[in-house]
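Student:
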Amino acid sequence: MSELSSFVATANVPIAEPPETPKLPPREWVKANLFSSRFNSALTVVTTIILLVMSRGFLGFLFNPERQWHATATNLRLLMTHGYPEEQYLRIWVSFAVILTLTGMSMAVWRAGSAMPATELGRKLLTTGATLALLVFLAPFSARATVQWLIAALVVVAIGETFRRAGGEGETERTVSTLTLLVVALTGLVASLWVIPYGRHTYIADRTPKMLAEPGTVALSTKLPWTLMLIVAVAAYFAGIFLRDRLSVNPLRVTLAVFWLLAPFALVFLVLRDPAFDLGHVIGTDIPIFLAYAVLGGALLLWLTRPSTGEIGRIVAAVVLVAGFAMFLTPMRMIVRFDMLMLAAFALAAPTFAGGPQARKRYTVGWLGVLGVTSWLITAVNTPSTVDVPRDFPFGGFSLTLMVAAFTILISFPLGVALALARTSTMPIFRLLATGFIEVVRGIPLITVLFFFSVVVPLFLPDGMEITEIAAVVVGYILFSAAYLAENVRGGLQSVMRGQHEAAEAVGMTASQKTVFIVLPQALRVSIPPLVGHCIGVFKETSLMAIIGLFDILYIARNVIPNQFEFLGTTKENVLFVSLIYWIFAYQMSKASQRLERRTGLGER
Amino acid sequence: MTDATATEPVGGQTKDLSGARDMIVCEGVSKWFGDFQALDGVTATVREQEVVVVLGPSGGGKSTWIRCINRLEQHQEGRIVVDGVELTNDMRNIEKVRSEVGMVFQMFNLFPHLRVIDNVSLAPIWVRKKPRAEAEEQAMALLERVGIPEQAHKYPGQLSGGQQQRVAIARALAMEPRVMLFDEPTSALDPEMIKEVLDVMRNLAHSGMTMMVVTHEMGFAKEVADQVMFMEGGQIVETGTPEHFFTNPTEERTKLFLSQILA
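Written as structure tokens, this is what we have:
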């Protein structure tokens, strides 16, 4: 090779930094960006006028003395839980506390929260304060109210400016944890319940319905539980940190994920319904069935997971599967058939998990755990409930919206991923079934699916099996949502480059290892924006349940409250309030999506 | 060390390969992509500890042949036997061969969502079932061997090309393979990084690894190879020691190729 055929740098060639565009002072910025040409100036003026007029109109509407905001305030309980009896409210608070505990611990274990530079916080507060001041001027407040709100806005601006100046730059930069900010904000809200006299509103729906509107502080039955909830959430976070530092992270995360998946079932069937367990039945029937399957199933699985079992193991597993299906032909308890099918699933999967004594023991313990939890839940589902609610369902209102949305998202997500993997699988039977399911479900509107599941499915169920309307609707919604999610995930799967598959195969990974460790993480990462968009859609489309007679928050706001004697014609106020709630939750989901994208390095690595 | 002057000895270091058994045996391997024949009756043997370099023009079938050896491509005719295991449609055989054969790709193909140390230790943990601590220790040792232990906690996207390729080599070595396949490992790199990677490959060869390298780096072939094969049109046109190949080739086609590249 001749000496000059290639150039090799001997030292780092310094690259000059691009010249910094100087930050313009506000006046110059406005001139340069908003009034740079005649057209721009005209546009700026017109847009500003439109915005001001709209804001004034909207604020005027909001603060018009004709507005009956106490229609919403009085009916808050109705909006939140509709028909749930007041004396059973402890159950709702317990359920909420359980969810907050899981959330707090999850935030600790998955290291939620980040550090926001103090200067950025200061700037955000400044902008908020300035906007608040502007809105105060636009709103039709009395002089006293204007002064009060202006003072509040000035306080916000002052705090913002302090943060901005104390923030420091570069090396000495001070940061604030976003979690601290969240807790401070929530504590402020809860403290305001104790301090600010929002008044006490209740609606007593008697033969002569009357309204109680007492000025003064909020009722203890509202203040106290919310305070306790805040304390529970914060305590759970610190408990999560404690566990995270002491235990190994991955098993902890898996345990928490399992608890999340079980929580909806446990809460609905064990806490909110208050099942009346018939001890005689439990001891005489349920426990013997469980013990029989535990012992026999455990022995079978211990044998099947021996590496030396070989082909005869697969034959035995297939026999169990056939027996499970055959059981549907003879009359017997549903739970016996269901347990047999679960055992068949475990038996078929056993050879994959074959190994040494440790691995076999773990697998059998897994079987016992799954069997125990499902037996317990099924027993709870089948017992009558002692909670007396109108129309035989736990509740309506916002709790129903949250419950249906959370269930659907939690369960349709793994199902959607499984469907996507089935549709792109190399085995024709999986591909056919998955494609068929997705294409059929995508062709049917959601309302049809909901109708079908609430009206038609109960007719098809075998004798002795009942399903509550909510459960039927949720199942239908889960299947519907899973089909859409599957297509989003399939797009992500197809975006993973061929080279990744080859590298994983070259290093000796099996197809399932390759999918779990290499393909799915990259596929799901790419699909985060459409997936979260779909989840937001699921949350909002729960309002369609009203058509089948499940009263969600929007239905109550539109139809129930404006039909109350005192509050005729208050549709606008209630619907505005409900829109605010929807917006708050949808925006939080959107922000969570952005955080997730940043965390997984989408677009960076 | 890499100057190709006239006095430089040509050929790999003196190894005694007389008693070595056959690691890779290909007999009459043919492969078609639709109507196009990519491999035409390829017959070759790679013995243990031997370093084989495959040269040839683009589209000659070199990459296809190497990818057939670990079943990334499937051959339609002939036999491929790797360390006594024949490559058939039986998944167990394929998995056995893949765990014995390590591969390094032209485009690195590192896993972008994992840190470097996780890239290297992932397969030993889940395929060889090693405990995590042991696998990570081994990963750090391998990263030191290829010269980049300080990059262990970075993501592949933060590394230069040469560093990425060295991580890819470490990842392949983590499975303790008997054979290493290299599919144009330096074609995507610039000259300074090529030297980095070739140094690692040279050390690997000196430590006794059986290697099969598809490359255009003639210097490497002259210095390190025990056998050089020239492939064109899906056939092995000529094979021989580097000495024979570069100074006194037999076939016309080989002479033409050499005259074009050794200007």
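The listed protein sequences correspond, in order, to chains P and R. Counting from 514, one number per residue, gives the positions in the first sequence under this note's numbering. Counting from -7, one number per residue, gives the positions in the second sequence under this note's numbering. Backbone N, C-alpha and C define an ideal beta-carbon position, used for all residues, glycine too. Note that the structure is predicted; figures quoted are calculated from it, not measured.
1. How long is the line joining the alpha carbons of T242 of chain R and M210 of chain R, rounded to whole angstroms?
2. Where are the alpha helix (DSSP H) runs, 4 residues long or more, that stay fully inside the region 582 to 667 of chain P, in chain order?
3. Is the Cβ of G1020 of chain P closer than 9 Å to any Cβ of chain R?
4. Would you verify that the beta carbon of N85 of chain R is, or is not, closer than 9 Å to some beta carbon of chain P?
5. Is the Cβ-Cβ distance between F803 of chain P and G885 of chain P less than 9 Å?
6. By the three-class DSSP mapping on this structure, what secondary structure does T1055 of chain P have?
7. Could you pull the start and end residues of the beta strand (DSSP E) that G70 of chain R belongs to?
8. For A576 of chain P, I'd like the list of residues in its chain whose CB is within less than 8 Å of its CB, leaving aside the five on either flank, ordered along the chain.
9. Assuming V89 of chain R and N62 of chain R are in contact, meaning their beta carbons sit under 8 Å apart, how far apart are those beta carbons, in whole angstroms?
10. Given a cut-off of 9 Å on the beta-carbon distance, is the pair L854 of chain P and F838 of chain P in contact?
11. Per DSSP, which one or two residues make a beta bridge with F28 of chain R?
12. Just to make sure I have the definition right: I need the residues of chain R whose C-beta is within less than 9 Å of the C-beta of E1015 of chain P. Which are they?
13. Inspect the beta-carbon positions of I1060 of chain P and I942 of chain P and report whether they are closer than 9 Å.
14. Distance check for T892 of chain P and T818 of chain P, CA to CA, integer angstroms please.
15. How is the beta strand (DSSP E) around M95 of chain R delimited, first residue to last?
16. Assign A166 of chain R to one of two classes, buried (16 or more other C-beta atoms within 10 Å of its C-beta) or exposed (fewer than that).
17. Comparing C-alpha positions only, which one of P:L972, P:F782, P:I924, P:F911 sits nearest to S1056 of chain P?
18. Which residue comes first and which comes last in the beta strand (DSSP E) that contains L47 of chain R?
19. Is the beta carbon of V192 of chain R sitting closer than 9 Å to the one on A1019 of chain P?
20. In or out: G681 of chain P buried (at least 16 other Cβ within 10 Å) or exposed?
21. State the beta-bridge partners of I16 of chain R as determined by DSSP.
22. Apply the 10 Å Cβ neighbour rule to N546 of chain P and answer buried if 16 or more other Cβ atoms are within range, or exposed otherwise.
23. Does I1031 of chain P have its Cβ less than 9 Å from a Cβ in chain R?
24. Alpha helix (DSSP H) containing F908 of chain P: first to last residue?
25. Which of the three DSSP states is assigned to Q150 of chain R in this structure?
26. Using a beta-carbon distance below 9 Å, is R170 of chain R in contact with chain P?
27. Rounded C-beta distance between L769 of chain P and S619 of chain P? I'm assuming under 8 Å.
28. Taking only beta-carbon positions, decide if R846 of chain P is within less than 9 Å of chain R.
29. Let me see if you follow: with CB-CB separation under 9 Å, is G149 of chain R close to chain P or not?
30. Relative to the C-alpha of P801 of chain P, which residue among P:G642, P:R846, P:Y1100, P:R657 is closest?
31. For F249 of chain R, count neighbouring C-beta atoms within 10 Å of its own C-beta (all shown protein chains included) and say buried if the count is 16 or more, exposed if not.
32. Tell me the residue span of the alpha helix (DSSP H) that contains F943 of chain P.
33. Going by DSSP, which residues form a beta bridge with P788 of chain P?
34. Nearest CA to the CA of W889 of chain P: which residue from P:V962, P:M940, P:D791?
35. Who are the neighbours of L114 of chain R on chain P, taking C-beta pairs under 7 Å?
36. Is there a Cβ of chain R sitting closer than 9 Å to that of R1118 of chain P, yes or no?
Tutor: If we stick to the structure as given:
1. 18 Å
2. 582 to 587, 589 to 594, 602 to 622, 631 to 651
3. Per the sequence presented here, residue 1020 of chain P reads as Val, with Gly not at that position. Yes, V1020 of chain P counts as interfacial toward chain R.
4. no
5. yes
6. helix
7. 69 to 74
8. Note that residue 576 of chain P corresponds to Phe in the displayed sequence, not to Ala. Result list for F576 of chain P: A652, P653, F654, in chain order.
9. 6 Å
10. yes
11. R:F25
12. R59, L64, M95, F97, N101
13. no
14. 30 Å
15. 93 to 96
16. buried
17. P:F911
18. 43 to 47
19. no
20. exposed
21. R:V38, R:V74
22. exposed
23. yes
24. Counting along the chain, F908 of chain P falls outside any alpha helix (DSSP H), and DSSP gives it neither H nor E.
25. helix
26. no
27. 6 Å
28. no
29. yes
30. P:R846
31. buried
32. 941 to 955
33. P:S898
34. P:D791
35. F1030
36. yes
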